[in-house]
Amino acid sequence: MRAPAFFAAAIGTAILIFIVGCLIGNDYLFFAGYTVVQFVVLASAWNILGGYCGYVNFGTAAFFALGAYTSVFFHKTFPLPIPVLLAIAALVSGLVGLGTGYLTLRLRGAFFSIATLALAVVLQTFVVNWDYVGGSRGAYVIRPNSVGVFGFELDYVRYLCLIMLLLAAVAVAIARTIERSKLGYGFATIRDDELAAEASGVPTLKLKLIATTLSGALMGMAGAPFPYYIGYVEPASTFGLPYAVNSIAMPLIGGTTIWFGPLIGSILLGVLTQLATVTISSAVNLLLVGALLVGFVIVAPNGLVGLVQQFLRIASPGRPDVRSTGLVAVAGFGFIVGLFDVVFNLAALLASDVSGEAIATAGLVLAALWLVSSYGLMTIRRGSPLLATVAFGLSILLAVVHIWIDRSLGNVALWGVGVAVAIGAIWFLQRRHVQELYQPRLGQPEVAA
Amino acid sequence: MDLTADLLLNALVSGLLLGGFYAAVTVGISMSFGILDIVNIAHPGFIIVGSYVAYILNARFGLDPVLIGVVALPFFYVLGAATYQTYHVSFERRGQEALRSLAFFFGLLFITEVVLILVFGVDYRYVSAPYIDKSYTFGLIQLPMRMVVPCVMSLLMLVLLQLFLTRTFLGRAIMAVAQDQQALRLMAADPIKIKRIAFAISIATCSLAGAFLIIIQPVEPSIGREYIGRVFAICVLGGLGSLPGTLIGAMLLGIVESFTATLYGPSWAPAISFGLLLLTLAVRPAGLMGR
């Protein structure tokens, strides 16, 4: 798809999601959805510099808060409509990104990363000492109840959600366009070997500055509507480490080299953290993100997309066939269900009595089994089809127990679907051509992780 | 506020004392980042862990914090060795050091912070020792012992480490690893083993630095973040890998911060280190005592 067509498709998808959300009409959906979509923007923005150029930005929170405090400043002096605020925030954050980049990106290595870490602390110091925007006490931003858009009267949170969705569409489209343009190839040369790139005449500093400015501007834009969404901003949380960790973890978990990597990562992790915040606590949720980040950079350094790509290269060189697509589907199902099971069972374990504890522990073990077996399926390790079969078999057992406990229609339907998928997966895993893939063959060494 | 001589003099002295302590905080980074080229962002996290170890043992058994720091050294050494081994197996050997190892250490910093918050909450913790509340006055100068003890011990640690690095065989091997890892291999020495020892020593210093930190000020889990800017600013300012440079950089930052706190108020202090870092990177990236 060409860039303008993709751009239109992305905007169309965003509007479609918004309309579907309005039809469902749940206010919490919008409230939680805003956070998830906001992270789609942040992750895509981070990836432009981090994933494409290979320069780690720890200062997502700084750029984000810069956008947020730009909004607060204008809210106090001269209230402007949100789209205008977005443009101003983009300008301010982009300029700060350019300045930081200019001072530190001339040096190779980690100096830029360290500077961005310190940037967050310094901007926070400035905001704490700046009484006009609330200082360390924070500032209240009273949002209107509703706003008129093209003749429609929209609830304000929904309006912010729509803006964020459109922004996410723009961010993803920009990332994809860059990736396929001359600029993207330039970025990739910097990531792979900066010295060689420079020697071949790639203007590395200029490219790095473009990436930093663009990435910073998008992060600032993500922050601009934030005060209106949350109603009260204070420095400690707006500059908080969670923004930085999330926006690094999401692309690294999804995959950094391609535009849909951050998208997958941010939706997966965003939904997961929203669930964990509601069911467990926000501190445990942060621990989960940190653990996933460390786990992924060690075990699957190229993220989910990298894992699948590597699998497809070996399982079906050329076009993906039924076997490889099926295996990706099985492993993907196992991974996602395993991940969410961890959250739910952890919540159940922390909340419930002794009898519930046993089921929750069993669920946790099963979740771990699921995660391990789907990893094994994707890295083509011997015995992983057997492991996956065992995991799916046990899940049928657990589903029966769950149906036994709660025989309401919704619960039966949910676990019924689970059982059906598990049976299908087990049948598929026993097929001979699937089994053959996991047998050691002459001349084809096992894949190293 | 009128500027009197004794105000400025006291700012200078407390800056020097603070600088001595900063040297202890930074010396680990000087070894891991400066000598081994491992960007260990999680270093302040380990320091906070050191502070909490001192807090627990001090509250439970009433031991002296500095003594606890010395006793805990071997444990931090093992912790450091384990961290290096993970780093080596997962990143160094695969040749994917830059992006992912940074994310790894950042994740580590984050995890230590969150775990400490989950276990101890966000309350400020402090230690008690007989010398903490004492203060001596010499003429115009006031010497609070809670600053003097960490400063003196830090300087002692720095001198010992410098002697170790320049006078002993192992220390010279560590310096050699920084210069040419391949050459070391040709001399039939294992660079990985030497790097592991060096990194473990750098983490071991966190045990003492953490104890000093909690003597100087009450500690809460997220305080480590303030020190990231500081340690890297000092490390870059002093020149990568040079311990005397680290000491000079630390003293400089301590004095500048102390004067800022005296003249403009302590809430501006965190911005100083960043300004200094940017200035150094822009003007003289090699640092004062750079190689």
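Protein sequences, first through last, are from chains A and B.
Per numbering that gives the first Met the number 0, the very first residue in the first sequence carries number 0; after that it's consecutive.
Per numbering that gives the first Met the number 0, the very first residue in the second sequence carries number 0; after that it's consecutive.
Positions of the beta carbon are idealized from the N, C-alpha and C atoms, including for glycine.
Item                                                                                                                          : Value
Span separating the alpha-carbon of LEU164 of chain A from that of ALA53 of chain B                                           : 49 Å
ASN128 of chain A: contacting residues in chain B (beta-carbon distance under 7 Å)                                            : SER266 and TRP267
Residues bridged to LEU153 of chain A (per DSSP)                                                                              : A:VAL146
Cβ neighbour criterion (16 or more within 10 Å) applied to THR360 of chain A                                                  : exposed
Spatial distance of GLY58 of chain A from GLY253 of chain B (CA atoms)                                                        : 25 Å
Rounded distance between the beta-carbons of SER394 of chain A and ALA330 of chain A, thought under 8 Å                       : Actually they are not in contact, since the Cβ atoms of ALA330 of chain A and SER394 of chain A sit about 14 Å apart, beyond 8 Å.
Best match in A:ASN144, A:LYS207 and A:GLY185 for proximity to PHE111 of chain A [C-alpha to C-alpha]                         : A:LYS207
Neighbour-count burial assignment, SER100 of chain B, 16 or more Cβ in a 10 Å radius                                          : buried
Cβ neighbours of LEU153 of chain A in the same chain (closer than 8 Å, five flanking residues each side left out)             : SER145, VAL146, GLY147 and LEU161
Nearest candidate by alpha-carbon position, reference PRO384 of chain A, set A:PHE427, A:LEU292 and A:THR99                   : A:PHE427
Contacts of GLY137 of chain A in chain B (Cβ-Cβ under 8 Å)                                                                    : Ordered by position in chain B, no residue passes the 8 Å Cβ test against GLY137 of chain A, which lies about 15 Å from the chain.
Check whether ALA13 of chain A and ALA167 of chain A have beta carbons under 9 Å apart                                        : yes
Through-space distance from TYR76 of chain B to ILE213 of chain B, alpha-carbon basis                                         : 20 Å
Beta bridge counterpart(s) of PRO143 of chain B as assigned by DSSP                                                           : B:SER134
ILE358 of chain A beta carbon less than 9 Å from that of GLY392 of chain A                                                    : no
Members of the region 258 to 284 of chain A near chain B, C-beta cut-off 8 Å                                                  : ALA282 and VAL283
Local Cβ density within 10 Å of LEU370 of chain A, reported as buried at 16 or more and exposed below that                    : buried
Among A:GLN308, A:LEU311 and A:PHE334, nearest to LEU291 of chain A - alpha-carbon criterion                                  : A:PHE334
Closer than 9 Å to chain A by CB, ILE40 of chain B                                                                            : yes
Beta-carbon neighbours of GLY228 of chain B, restricted to chain A and to distances below 7 Å                                 : LEU116, ALA117 and VAL120
Burial state of ILE422 of chain A, where buried means 16 or more other Cβ atoms lie within 10 Å                               : exposed
Listed by chain order, chain B residues near GLY96 of chain A by CB distance under 9 Å                                        : Those do not exist, as GLY96 of chain A stays about 14 Å from chain B at its closest Cβ, beyond 9 Å.
Runs of alpha helix (DSSP H) lying entirely within the region 304 to 374 of chain A, each at least 4 residues, in chain order : 321 to 350
Below-9 Å beta-carbon distance, ALA290 of chain A vs any chain B residue                                                      : yes
Per-residue contacts from PHE110 of chain A into chain B (C-beta, under 7 Å)                                                  : LEU280
Span separating the alpha-carbon of VAL307 of chain A from that of GLY264 of chain A                                          : 14 Å
Exposed unless 16 or more other CB atoms sit within 10 angstroms - verdict on ARG45 of chain B                                : It is worth fixing the name first, because residue 45 of chain B is Phe in this sequence and not Arg. By the neighbour-count rule (16 or more Cβ atoms within 10 Å), PHE45 of chain B is buried.
Extent of the continuous alpha helix (DSSP H) run through ASN39 of chain B                                                    : ASN39 of chain B -> no alpha helix (DSSP H), and no H or E assigned at all.
Interface flag, THR468 of chain A vs chain B, CB-CB below 9 Å                                                                 : Nothing can be reported for residue 468 of chain A: it is not among the residues displayed for chain A, which extend from 0 to 448.
Same chain only: Cβ atoms within 6 Å of LEU66 of chain B, ignoring 5 sequence neighbours per side                             : none
Own chain partners of ILE140 of chain B with C-beta closer than 7 Å, once the 5 adjacent residues on each side are dropped    : LEU8, ASN9 and VAL12
THR255 of chain A at chain B interface by Cβ criterion, 9 Å                                                                   : yes
Exposed unless 16 or more other CB atoms sit within 10 angstroms - verdict on LEU277 of chain B                               : buried
For ARG229 of chain B, the residue or residues it bridges with in DSSP                                                        : Paired residues: none, contrary to the question.
Reduced DSSP category for ASP5 of chain B - H, G, I as helix; E, B as strand; rest coil                                       : helix
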